[in-house]
Amino acid sequence: DARVTQTPRDKVTEMGQEVTMRCQPILGHNTVFWYRQTMMQGLELLAYFRNRAPLDDSGMPKDRFSAEMPDATLATLKIQPSEPRDSAVYFCASGLVGPPYNEQFFGPGTRLTVL
Amino acid sequence: GENVEQHPSTLSVQEGDSAVIKCTYSDSASNYFPWYKQELGKRPQLIIDIRSNVGEKKDQRIAVTLNKTAKHFSLHITETQPEDSAVYFCARGSTLGRLYFGRGTQLTVWP
Chain A
254 DARVTQTPRD
264 KVTEMGQEVT
274 MRCQPILGHN
284 TVFWYRQTMM
294 QGLELLAYFR
304 NRAPLDDSGM
314 PKDRFSAEMP
324 DATLATLKIQ
334 PSEPRDSAVY
344 FCASGLVGPP
354 YNEQFFGPGT
364 RLTVL
Chain B
27 GENVEQHPST
37 LSVQEGDSAV
47 IKCTYSDSAS
57 NYFPWYKQEL
67 GKRPQLIIDI
77 RSNVGEKKDQ
87 RIAVTLNKTA
97 KHFSLHITET
107 QPEDSAVYFC
117 ARGSTLGRLY
127 FGRGTQLTVW
137 P
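So the protein lines, in turn, are chains A and B.
Take any residue in the first sequence, count from 1 to its spot, add 253: that is its number in our numbering.
Take any residue in the second sequence, count from 1 to its spot, add 26: that is its number in our numbering.
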C-alpha cells in the first residue's frame with residue numbers, strides 16, 4: 254500500500270531558525286503539492302510541481318519560503334527565517350495528474366511550531 | 027471565482043441517521059470533484075470522487091451527487107456511525123490538476 258511520507262512529523266523551533274520539511278511522493282506520481290493547514294485559513298495550496306518543474310508557487314510567501322524537487326523521490330519545503338505565524342501543519346500530497354486522473358493522496362503532515 | 031463554498035460548517039447527527047454536506051462552485055470548467063475525510067490529527071483521506079460525466083456515485087454507505095448545471099455537489103452518508111465523526115472537505119479539480127478545497131464540515135455522530 255504505497256503512501257506519501259513526510260519528515261519530520263513534528264518540529265518545534267525558535268523564531269528566526271531555518272526549517273526544512275521533506276516529502277517522498279508515491280512512486281510513479283508526476284505531481285507533488287505542498288499545503289498548509291490552519292484553523293483560520295483551512296487548507297491552503299502553497300506550491301506544486303509537475304514532473305519536478307514548478308507549476309505554481311503563488312501561494313507561498315516568496316521572501317521566506319522556497320520549494321524544490323531535487324529528484325523524483327524528494328520534495329522539500331524550506332522556511333528561512335521562520336516566524337511564529339508559520340506555525341501550522343504542512344501537508345505534502347502527490348498524484349498522477351493528467352486525463353483521466355486527478356486524485357491526490359496526502360502525506361501524514363509535519364506539525365510545525367515556531368516559538 | 028476559484029473558491030468552493032461548503033455548508034454546513036458543523037453538523038451533528040444521531041447514530042443511524044443520514045448526513046448531507048453540500049458544496050457549490052462557479053468555474054464551469056471543473057470536471058473532478060473529490061471528497062476527503064480528516065480525522066483529528068490525521069491526514070485528509072480521499073473517500074469518494076465523481077467526474078463531470080456522471081451524476082451520482084455510490085460506495086457502500088457514502089454517495090456523491092453532482093449537478094453540473096446548477097454547479098453543486100453533495101456528499102450523503104447513510105446509517106451514520108460514531109467512527110464517521112471527522113472533518114469532511116469537498117474540492118473541485120482544475121484543468122491543471124490542482125484542487126480547490128472547501129472550508130470543511132465538522133461532522134459529529136452521537137451514539
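Heads up, the beta-carbon is just placed ideally off N, CA and C, and yes, glycines get one too.
Just so it is clear, the structure is predicted and the values come from calculations on it, not from any experiment.
Practice problem: Whole angstroms is fine: what's the gap from B/Gly123's alpha carbon to A/Asn355's? | Solution: The straight-line gap separating the alpha-carbon atoms of B/Gly123 and A/Asn355 is approximately 6 Å.
Practice problem: Tell me the start and end of each unbroken alpha helix (DSSP H) in the region 46-77 of chain B that is at least 4 residues and wholly inside, in chain order. | Solution: none
Exercise. Taking a Cβ distance cut-off of 8 Å, strictly less, list which residues of the region 69-89 of chain B are near chain A, in chain order.
Key: Arg69, Pro70, Gln71, Leu72, Asp75, Arg77
Quiz item: Could you give the uninterrupted runs of the beta strand (DSSP E) lying entirely in the region 258-309 of chain A, keeping only those of 3 residues or more?
Solution: 258-260, 263-266, 272-277, 284-291, 295-303, 306-309
Quiz prompt | Short CB-CB distance (under 9 Å) between B/Pro60 and chain A | solution = yes
Self-check item: Close beta carbons around A/Met322, own chain, < 7 Å, minus the five adjacent residues each side
Solution: Correct list, in chain order: Val285, Phe302, Arg305, Ala328.
Quiz item: According to the neighbour-count rule (16 or more other Cβ atoms, all chains shown, within 10 Å of its Cβ), is B/Pro70 buried or exposed?
Solution: buried
Quiz item: For B/Thr36, which residues from the same chain have a beta carbon less than 6 Å from its beta carbon, with the 5 sequence-adjacent residues on both sides left out?
Solution: Gln132
Quiz item: Would you say the region 35-55 of chain B touches the region 268-281 of chain A, given that touching needs at least three Cβ pairs under 8 Å?
Solution: no
Quiz prompt | Check whether B/Phe99 and B/Ile76 have beta carbons under 9 Å apart | solution = Yes, these two residues count as a Cβ contact at 9 Å.
Practice problem: Label A/Gly269 either buried or exposed according to how many other C-beta atoms from any shown protein chain fall within 10 Å of its C-beta, with 16 as the threshold for buried. | Solution: exposed
Quiz item: For B/Gln132, which residues does DSSP report across the bridge?
Solution: B/Thr36, B/Val113
Practice problem: Report yes if the C-beta distance between B/Asn29 and B/Tyr51 is below 9 Å; otherwise report no. | Solution: yes
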